[in-house]
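Q: Each residue of the sequence shown is one higher than the one before, counting from 3 in this note's numbering.
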Amino acid sequence: MNAVRRGLGNSLVQALLVVVGLVWLTPLAGLFLSSLRSAEETAQGGWWTVFTSPGQLSFDNYSALLENAGITQAFWNTVLISVPATALVVVVAALAGYAFAWLDFPGREPLFLLVVALLVVPVQIGLLPVAKLFGQLGLFGTIPGVVLFHVAYGLPFAVFLLRNYFAEIPKEMLEAARMDGGSEWRIFTRLVLPVGRPAIASLAIFQFLWVWNDMLVALLFADSSAQPLTVELQSQIRQFGSNIDVLAPGAFVSLVVPVVVFFAFQRHFVQGVMAGSVK
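1. Would you call the CB atoms of Val-219 and Val-125 closer than 9 Å?
2. Within 10 Å of its beta-carbon, does Leu-231 have 16 or more other beta-carbons around it, so buried, or fewer, so exposed?
3. Would you decide whether Asp-247 is buried or exposed? Buried here means 16 or more other CB atoms lie within 10 Å of its CB.
4. Going by beta carbon distance, what residues of the same chain come within less than 7 Å of Ile-207, once the five residues before and after it are set aside?
5. Let's test the definition: count the other Cβ atoms within 10 Å of the Cβ of Trp-214 and tell me whether it reaches 16, buried, or not, exposed.
6. I'd like to know whether the C-beta atoms of Ala-154 and Val-118 end up nearer to each other than 9 Å.
7. With the cut-off set at 9 Å, would you say Ser-60 and Leu-35 are in Cβ contact?
8. Cβ atoms of Phe-77 and Ser-226: under 9 Å apart, would you say?
9. When you compare the stretch 186 to 206 with the stretch 81 to 101, are there three or more beta-carbon pairs, one atom per stretch, that lie closer than 8 Å?
10. Excluding the 5 residues preceding and the 5 following Val-21 in the sequence, name in chain order all residues of the same chain whose CB lies nearer than 6 Å to its CB.
11. Can you grab the Cα-Cα spacing for the pair Gln-236 / Leu-116, in whole Å?
12. Would the beta-carbon of Asp-216 fall within 9 Å of that of His-152?
13. Tell me which same chain residues have a C-beta within less than 6 Å of the C-beta of Ala-98, skipping the five on either side of it?
14. From the DSSP secondary-structure annotation, give me the bridge partner or partners of Gly-143.
15. For chain D, find out if any of its Cβ atoms is closer than 9 Å to the Cβ of Val-125; answer yes or no.
16. Name the residue from Gly-198, Pro-251 and Ala-179 whose alpha carbon lies nearest to the alpha carbon of Glu-170.
17. If the criterion is Cβ atoms closer than 9 Å, does the pair Ala-103 and Leu-163 meet it?
18. Quick one: measure Cβ to Cβ for Phe-165 and Phe-114, integer angstroms, because I've assumed they're closer than 8 Å.
19. Give every residue of the same chain whose Cβ lies closer than 8 Å to the Cβ of Lys-281, excluding the five residues on either side of it in the sequence, and list them in chain order.
20. Could you check how far apart the C-beta atoms of Ala-228 and Val-149 are, in whole angstroms? I think they sit under 8 Å.
21. Compare the C-alpha of Phe-210 against each of Gly-156, Ser-40 and Ala-178 and name the closest.
22. Whose CA, out of Gly-137, Thr-191, Val-123 and Pro-172, lies closest to the CA of Phe-158?
23. Between which two residues does the alpha helix (DSSP H) containing Gln-209 stretch?
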């Protein structure tokens, strides 16, 4: 009986997860189907009508999207912002996290408390002062300026996360590596980074999703030549309003890239979330 109950319980949980997954994916599927329909067909009925009239599906909208210079440029701007902002945060946070966790240096604890204190500072507070500073440095309105802002505001949480994860590494492992003559750099690259891969992957996913989907920072810090896809889509909605044949595929491309990144690293993401929850 217990085995039957466990089997029924597992089946119910799996069925519930399937339902939740379908509900979560429905908007994505609806947006994709809408991106394959013409503006006239979209005005006549919802995307679900494709199941009765599949002939309305076409990739013409994506051909038009490739010919839209504003959206294609904005897509590459988004890549040029998201990839460096993610890579820099991960690299700097990994180095700082290891230093705060295992290296003794003057002021280590006060500096880490300062990093923790920066977690409570809202992004909105720094917008105007940083914009003024970037203006004086010639970075305002540029892609490097947007990247630096995301890096600066992403580092406190990243350092806090990786420091706490690295601190859970058994001390005996590091001492054994030092006794074998390993330098701190070798210990960091050959021991700490492989052990901390789940947390690093989770951090990279969170940082990438935040930067890719950001619009607030880009609205203020990016000019027309550096604005990412989120700002460009919002601008085209404001200008044209009814050009759904361009906006729908553009929105789908903007949405599907983070989804692909998440599923590509989901195994490491789950490991990072579960790390420390069980012994």
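Even glycine gets a Cβ: it sits at the ideal position worked out from N, Cα and C.
A: So, from the listed chains and residues:
1. Result yes, Cβ atoms of Val-219 and Val-125 sit closer than 9 Å.
2. Result: buried.
3. Result: buried.
4. Sequence-distant Cβ neighbours of Ile-207 in its own chain, meaning closer than 7 Å and more than five residues away, are Val-263, Phe-264, Phe-267 and Phe-271.
5. The residue in question, Trp-214, is buried, as its Cβ has 16 or more Cβ neighbours within 10 Å.
6. No, the Cβ-Cβ distance between Ala-154 and Val-118 is not below 9 Å.
7. Contact: no.
8. Not a contact, by the Cβ cut-off of 9 Å.
9. Cβ pair count under 8 Å is three or more, so yes.
10. Shown here for Val-21: not one same chain residue has a beta carbon closer than 6 Å to its own, the five before and five after excluded.
11. Cα to Cα, the separation comes out at about 37 Å.
12. Yes, the pair counts as a contact, with Cβ atoms nearer than the cut-off.
13. Excluding five sequence positions before and after Ala-98, the CB atoms of its chain that fall closer than 6 Å to its own CB belong to Val-161, given in chain order.
14. For Gly-143, the beta-bridge partners assigned by DSSP are Ala-224.
15. Chain labels in this structure do not include chain D; a single protein chain is all it has.
16. Ranked by how close their Cα comes to the Cα of Glu-170, the residues Gly-198, Pro-251 and Ala-179 have Gly-198 in first place.
17. Note that the C-beta distance between Ala-103 and Leu-163 is not below 9 Å.
18. Residue identity check: residue 165 is Arg in the sequence provided, not Phe. That belief holds up - the Cβ atoms of Arg-165 and Phe-114 are roughly 7 Å apart, short of 8 Å.
19. Note on Lys-281: pLDDT 40, under 50, position unreliable in the model; no value is reported.
20. Contact between Ala-228 and Val-149 fails: their C-beta atoms lie close to 10 Å from each other, not under 8 Å.
21. Answer by Cα proximity: Gly-156.
22. Note that residue 158 corresponds to Pro in the displayed sequence, not to Phe. For the set Gly-137, Thr-191, Val-123 and Pro-172, the Cα lying nearest the Cα of Pro-158 is the one of Val-123.
23. For Gln-209, the enclosing alpha helix (DSSP H) begins and ends at 199 to 214.
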